[in-house]
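Numbering (this note's numbering), first residue to last: 1328 to 1588. We treat Cβ as the ideally placed atom computed from N, Cα and C, and that holds for glycine.
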């Protein structure tokens, strides 16, 4: 069942938009570049007395059409990249899942993309485990990045707190330092999970390179402790980030109301 866009999951309209945007650059190029040259080419064959003029028009319109078509196709391509980036942010809000990995190929390392393709062609069990671990790694990397960005924002707000006088300043700084401490804990936890996921990926790649049998694969996965859905830390990290951000914003709004005009 499709969910609404606010839920962080894909809807049917999202899938339709993605499909249209994948074909839009090529379709736009054809529509912009070819009609005029084709028209003049038809007139070239149907009007022999003015064949030279129409051939010149064919070549001229083709040149301008190609340039215009490439420009329009580039606009569609850039818009698609922007739209896909917004979609990734929305999907990653509650952690990257295995079914959403296709949207995050741009964030995978080249070695990870190659290893995933290789393992998928060799061993289904290893491929499932690799995709789950890769989703965890992508989630942890995003949590680290977002937490560090939030810490930088809190640091700037701490510097701005010097404009607040009296007890309000003390309370504001205490709240911001508490937020920074929570974000530091979130970052450290996410870094640890990222390192753990990286280690598991290397172990799975090594198992895949040995062409392990299904029984050997099951034993290896049991030793690794691979389980589905190992991303609860991502939800907790997202919750902490949201709480810290909302609390800091509320404090700053109160500070702005208290500042003299």
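Check	Outcome
Beta-carbon contacts of residue 1419 that lie in its chain and below 6 Å, excluding the five residues immediately before and after	1469
Check whether residue 1397 and residue 1364 have beta carbons under 9 Å apart	no
Contacts around residue 1475, its chain only, beta-carbon distance under 7 Å, and the 5 residues preceding and following it disregarded	1514
Sub-9 Å separation of residue 1462 and residue 1520 beta-carbons	no
Nearest neighbour of residue 1404, chosen from 1354, 1379, 1391 and 1434 [CA to CA]	1354
N-terminal and C-terminal residue of the alpha helix (DSSP H) that residue 1487 is part of	1451–1487
Proximity winner among 1481, 1509 and 1449, relative to residue 1534 (alpha-carbon distances)	1449
7 Å Cβ shell around residue 1524 - same chain, five flanking residues per side excluded	1460, 1463, 1464 and 1467
For residue 1402, three-class secondary structure by DSSP	helix
As assigned by DSSP and simplified to three states, the class of residue 1287	In the structure as shown, the chain begins at 1328 and stops at 1588. Residue 1287 is therefore absent and cannot be evaluated.
Spatially closest choice to residue 1477 from 1508, 1361 and 1531, by CA coordinates	1508
Per-residue DSSP class, three states only, for residue 1337	coil
Reduced DSSP secondary structure (H/G/I, E/B, other) of residue 1535	helix
Residue 1454 versus residue 1423 - alpha carbon distance	17 Å
Unbroken alpha helix (DSSP H) run spanning residue 1438, endpoints	1437–1447
Alpha helix (DSSP H) runs wholly inside the stretch 1367–1425, at least 4 long, in chain order	1378–1418
As assigned by DSSP and simplified to three states, the class of residue 1344	helix
Residue 1481 and residue 1517 closer than 9 Å at C-beta	no
Residues near residue 1385 in its chain [Cβ-Cβ closer than 8 Å; skip 5 each side]	1364, 1367, 1368 and 1371
Residue 1487 to residue 1406 span [Cα, whole Å]	36 Å
Whole-angstrom distance between residue 1447 and residue 1497, CA atom to CA atom	57 Å
Nearest neighbour of residue 1347, chosen from 1382, 1410 and 1500 [CA to CA]	1410
Spatially closest choice to residue 1417 from 1527, 1349, 1341 and 1536, by CA coordinates	1341
Outcome for residue 1374 when other beta-carbon atoms lying within 10 angstroms are tallied against a minimum of 16	exposed
Rounded straight-line distance, which links the Cα of residue 1379 to that of residue 1429	52 Å
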